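Some notes on the structure that comes next.
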Amino acid sequence: MKERVQGKIVSFDLENNNSRFVRCKLKLMHDGESKNRTQFTKEVMMNCVEKTVRNTPILCHVYKDVDGNYKIGNHDMDFDLEKNKDGDFEFTTTHLEKPVGFIPESTEIFTEEEDGRTYVYAIGLLWKHYMDKLEDLLLDKDCVSNISTELLCNDAEMNDDNILDIREFELMGTTIISAETGMHNTVG
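If you're matching positions, the sequence shown starts at 20 in my numbering and goes up one per residue.
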């Protein structure tokens, strides 16, 4: 297994015999307060991940910069102003991220303790045929790749310290990005 401890893509197996999938270990999130002033307990985190992580997409935007080098993007989007069916103008959004894999129904979900936090992991599958330049980027030791776990917050309340205390969420997808994320201990 090729190990990559940079960012939150912790490891991926490019030497397996499966012609369709690359298995990857994904560091999804941690309990307690994040850098973006949200928090949840270990119990909330584990309950919500267990209920909603399966069959969610793994996304990524790989693009060519002005110098012709391939890069991992972020939550890149195009915005447009279009007329709707009523003749009114409205903003439309096109996500540039594309599915490059998924977290299967049979995923393994487990935790690891690090610096007083509990991190939850899941096993995902990247589609070999649709990774395009992503495989080369993930093997490049200078490439920064992190995981941004996308949540739909269903129940939360701002506490006295102005931190959003999340009580229930759904995991919508996992995006491979090059930017720093809201979690601690994740940038390589």
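Ideal Cβ placement from N, Cα and C applies to all residues, glycine included. Please read these numbers as outputs of a predicted model, since none were measured by experiment.
Enumerate in chain order the residues of its own chain whose CB-to-CB distance from Glu169 is below 8 Å, with the five nearest sequence positions on each side excluded. Position 150 of the sequence shown, counted from the first residue, corresponds to residue 169. Around Glu169: Leu190, Met191, Gly192, Thr193 and Thr194.
The alpha helix (DSSP H) spanning Leu153 covers which residue range? Residue mapping note: residue 153 aligns to position 134 of the sequence shown, counting from 1. Unbroken alpha helix (DSSP H) run through Leu153: Leu153 to Leu158.
Work out the CA separation of Leu47 and Ser30 for me, nearest whole Å. For the purposes of this step, residue 30 is identified with residue 11 of the sequence shown, where counting begins at 1. For the purposes of this step, residue 47 is identified with residue 28 of the sequence shown, where counting begins at 1. Each residue's alpha carbon lies about 13 Å from the other.
Among Cys79, Gly92, Asn55 and Val68, nearest to Tyr149 - alpha-carbon criterion: Taking the first residue of the sequence shown as 1, we reach residue 149 at position 130. Cα-wise, what sits closest to Tyr149 is Cys79.
DSSP three-state assignment for Gly207, whether helix, strand or coil: Along the sequence shown, one-based indexing puts residue 207 at 188. Bear in mind that a pLDDT of 38 at Gly207, under 50, signals an unreliable position, so the model cannot answer this.
One question on the structure: do Thr137 and His49 come within less than 8 Å of each other, judged by their Cβ atoms? Taking the first residue of the sequence shown as position 1, residue 137 is located at position 118. Taking the first residue of the sequence shown as position 1, residue 49 is located at position 30. Result yes, Cβ atoms of Thr137 and His49 sit closer than 8 Å.
Alpha carbon of Phe59 to alpha carbon of Glu132, nearest angstrom: Taking the first residue of the sequence shown as position 1, residue 59 is located at position 40. Taking the first residue of the sequence shown as position 1, residue 132 is located at position 113. Between Phe59 and Glu132, the C-alpha separation is close to 16 Å.
Could you name the residues of the same chain whose beta carbon sits closer than 7 Å to that of Thr71, not counting the 5 residues immediately before and after it, in chain order? Residue numbering aside, residue 71 sits at position 52 when the sequence shown is read from its first letter. Closer than 7 Å at the Cβ level, and outside the excluded window around Thr71, lie Glu189 and Leu190.
Look at the Cβ atom of Arg73, then the Cβ atom of Ile122, and state whether they are nearer than 8 Å. Walking along the sequence shown from the start, residue 73 turns up at place 54. Walking along the sequence shown from the start, residue 122 turns up at place 103. Yes, they are a contact pair.
Which two residues bound the contiguous beta strand (DSSP E) that contains Cys172? Counted from its first residue, the sequence shown places residue 172 at position 153. That run of the beta strand (DSSP E) goes Asn165 to Met177.
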